[in-house]
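Working notes, structure below.
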Amino acid sequence: MVSLKSFLLSFIAVARVLAYPANSSFELINRSGTPSSTGTSGGYYYSFWTDGGADVTYTNGALGEYNVQWPEIGNFVGGKGWNPGSAMVVTYSGTYNPNGNSYLSGCGWTTSPLIEYYIVENIGTNDPSTGATLKGSVVSDGATCKLKSIMVFMDAHRPYITVLLELFVIYKNSL
């Protein structure tokens, strides 16, 4: 049996919520961006993940094309490619206008052993290889590239991974 005191307190709380002005500065803001998803589009595999903290919009285009609009708040990873992949030459073109904490890269992973790799083409204010060990450098397409690696243990963003080797190829002109 519900006591009269509990009922009255609940009723007062509901009445206060309903009486609160709708345009109050305490109003919750809906995030209307693209939800995290994977699938195929235009014959390519796509993957998009967001932490839900931004109105980031990911839109698949024809074939391997896609578009991302990001207000620089929250985190996301997205793009198109192949699943499963194979050894191939990949060419791309596009427009990237970094304004803050972001980077543009090609990325992929192997499953046995578990390795995640990034070929970082352009960096805003965020260097994804911070903390990684420099293994050497090579010249590719006329640019000097740094080769770095780091072991990741129990990453909060990927709780299903216990140990992961991350490899980075960072174009020198992007740092």
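Just so we're aligned: the sequence shown equals residues 27 to 201 in our numbering.
Each residue gets a CB set at the ideal place from its N, CA and C atoms; glycine is no exception.
Straight-line Cα distance separating residue j from residue i
i, j, result
"T66", "D167", "31 Å"
"E192", "E142", "5 Å"
"E255", "K106", "What is shown of the chain runs 27 to 201, which leaves residue 255 out entirely."
"S175", "A169", "19 Å"
"V130", "T64", "It is Leu, not Val, that sits at residue 130 in the sequence shown. If I take the Cα positions, the gap works out to 20 Å."
"G126", "T117", "26 Å"
"I196", "G157", "13 Å"
"S112", "T136", "10 Å"
"V165", "Y122", "23 Å"
"W96", "D81", "7 Å"
"T159", "T85", "35 Å"
"S163", "S155", "14 Å"
"L190", "L140", "6 Å"
"G68", "S62", "18 Å"
"T76", "F102", "4 Å"
"G79", "C133", "23 Å"
"M177", "T83", "31 Å"
Counted within 10 angstroms of its Cβ, other Cβ atoms place residue i as buried (16 or more) or exposed
i, result
"G104", "buried"
"S119", "exposed"
"K172", "buried"
"G87", "exposed"
"G59", "buried"
"P47", "Residue confidence is low: P47 scores 44 on pLDDT, short of 50, so the model does not pin down where it sits. Its coordinate-derived value is still stated next. P47 comes out exposed."
"S51", "With a pLDDT of 48 at S51, under the threshold of 50, the predicted position of this residue should be treated as unreliable, and no value is reported."
Residue i and residue j closer than 8 Å at C-beta
i, j, result
"S128", "G150", "yes"
"P124", "N93", "no"
"F194", "V146", "yes"
Supposed contact pair residue j and residue i - C-beta distance, whole angstroms, cut 8 Å
i, j, result
"W108", "Y70", "7 Å"
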